[in-house]
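Trainee: Here you go, one structure.
Residue numbers (the UniProt record's numbering): 1 to 102.
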């Protein structure tokens, strides 16, 4: 992945994070959107490990931006959100894979 592709992907990731936060009050729609996103990532065969790397990069970015005001509680909350996003996307990817096999 070249630097332009990486930059564009990071922008898309941040848009998904923003949309997730804005949609927290509509769990059904949020789950549907993240499941669909996982389905669209089927061709890339993303794994939990890939998403964990993205989570770690996000946490490092938060710590850098927030400096001393990035508490363990803030980090825990973001990790929980990323975990939810990852599990939902992976479930969508698995559903898409199963649909191809049936």
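Idealized CB from N, CA, C, for every residue including glycine.
Quick caveat: nothing in here was measured; it's all calculated off a predicted structure.
Got a sec? Which residues, its chain only, sit under 7 Å from residue 91 by beta carbon, not counting five neighbours each side?
Mentor: Excluding residues within five positions, the ones whose Cβ falls inside 7 Å are 35 and 38.
Trainee: Figure out for me which residue from 74, 47, 17 and 15 has the closest Cα to the Cα of residue 93.
Mentor: Of the listed residues, the one whose Cα sits closest to residue 93 is 47.
Trainee: Can you look up residue 99 in the DSSP assignment and give me helix, strand or coil?
Mentor: In the structure shown, residue 99 sits in a helix (DSSP, three-state: H, G or I).
Trainee: Since I believe residue 84 is in contact with residue 58 (beta carbons under 8 Å), could you give me their beta-carbon distance rounded to a whole number of angstroms?
Mentor: With a Cβ gap of about 13 Å, residue 58 and residue 84 do not count as contacting.
Trainee: In whole angstroms, what is the alpha-carbon distance linking residue 6 and residue 53?
Mentor: C-alpha separation (whole angstroms): 14 Å.
Trainee: How would you label residue 15, buried or exposed, when you count the other beta carbons within 10 angstroms and need 16 or more for buried?
Mentor: Exposed is the call here.
Trainee: From residue 9 to residue 74, what distance separates their C-alpha atoms?
Mentor: Going by the C-alpha atoms only, they are around 24 Å apart.
Trainee: In angstroms, rounded to a whole number, what distance separates the CA positions of residue 68 and residue 76?
Mentor: Rounded to the nearest angstrom, the two C-alpha atoms are 15 Å apart.
Trainee: Going straight from the alpha carbon of residue 66 to that of residue 12, what length do you get?
Mentor: Straight-line Cα distance between these residues: approximately 22 Å.
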